[in-house]
Amino acid sequence: MQKAEWMQSRDRLRIAILAAYAIGLHGLERMIPAPLPWLRFGLANIITLTALMLYGLRVALTITLIRVLLVSLLTGSFLGPGFVLSLGGGVASTLLMGLASALLSSLFSAVGISLIGSMAHNLTQLTLAYLLFIRRMEPILFVTPLILLLGIITGMVNGMASGLLLKKLKGDSPEVKAAAGRES
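Using numbering that gives the first Met the number 0, read the sequence shown as starting at 0 and increasing by one per residue.
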């Protein structure tokens, strides 16, 4: 087996394992009673952010797409409103976290990048809900402050969890050491 093929296999395995962790965290989160029907903590984003900081945007985006697709198929929501909102929010947040990580990594820790992702996710979902489903501004404006406040809290918690995970993995590989070093 050539080295390039081995690297590709290793990358596919890495993506599969991280996607499985993200799907597992999403499943765990669904078992936690939500304080509001539409409120989710976004635990799977801990894995997305960790993957982004360790392996880059391509891997993080792949994990996001796999997670959204498989979870929607497993829960019977494929192509429904929840799928559309999840896909839009997940892709937007991953792309903006990738941009922030690439351009502003010296300014932001995992918490800062997670906050950017959380705000992108929530604002994208609110925009999609308005454009595709609700088409009335009043309900969107009514829930926006609460959603953004809760997004700040969950973004901080998920960012701290990702930072701890990066530090825990610190000795595993050079890329983990480099990503964890940004957290110090």
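Every residue, glycine too, gets a C-beta built ideally from N, C-alpha and C.
- Annotation: the continuous alpha helix (DSSP H) that includes ILE151 extends over 136-167.
- Each residue's CA atom was taken as its position, placing LEU53 and LEU102 some 15 Å apart.
- Each residue's CA atom was taken as its position, placing LEU60 and ARG135 some 31 Å apart.
- Judged by DSSP secondary structure, ILE62 falls within the alpha helix (DSSP H) whose first and last residues are 56-74.
- Assignment of SER113 by DSSP, reduced to helix, strand and coil, places it in the helix class.
- Setting aside the 5 residues that flank it on each side, VAL156 is surrounded in the same chain by PHE40, each with a C-beta closer than 8 Å to its C-beta; the list follows chain order.
- Comparing alpha-carbon positions, the option among ILE112, GLY89 and VAL90 lying closest to ALA99 turns out to be ILE112.
- Separation of ALA50 and ALA43 (C-alpha to C-alpha, rounded to the nearest whole angstrom) is 11 Å.
- If you look at GLY79, you'll find it isn't in any alpha helix (DSSP H); DSSP assigns it neither H nor E.
- GLY41 carries a coil assignment under DSSP once its states are collapsed to helix, strand and coil.
- In this structure, GLY116 lies near SER92, with their beta-carbon atoms less than 7 Å apart.
- Under the criterion of beta carbons closer than 8 Å, THR153 and LEU125 do not qualify as touching, at roughly 15 Å.
- When the five nearest sequence neighbours on each side are left out, the beta carbons in the same chain lying within less than 8 Å of the beta carbon of ALA33 are those of ARG39, in order along the chain.
- From the listed residues GLY158, LEU122, LEU148 and ILE31, the smallest Cα separation to ALA109 is found for GLY158.
- Just measuring C-alpha positions, the residue of LEU69, LEU140 and ILE151 sitting nearest ALA21 is LEU69.
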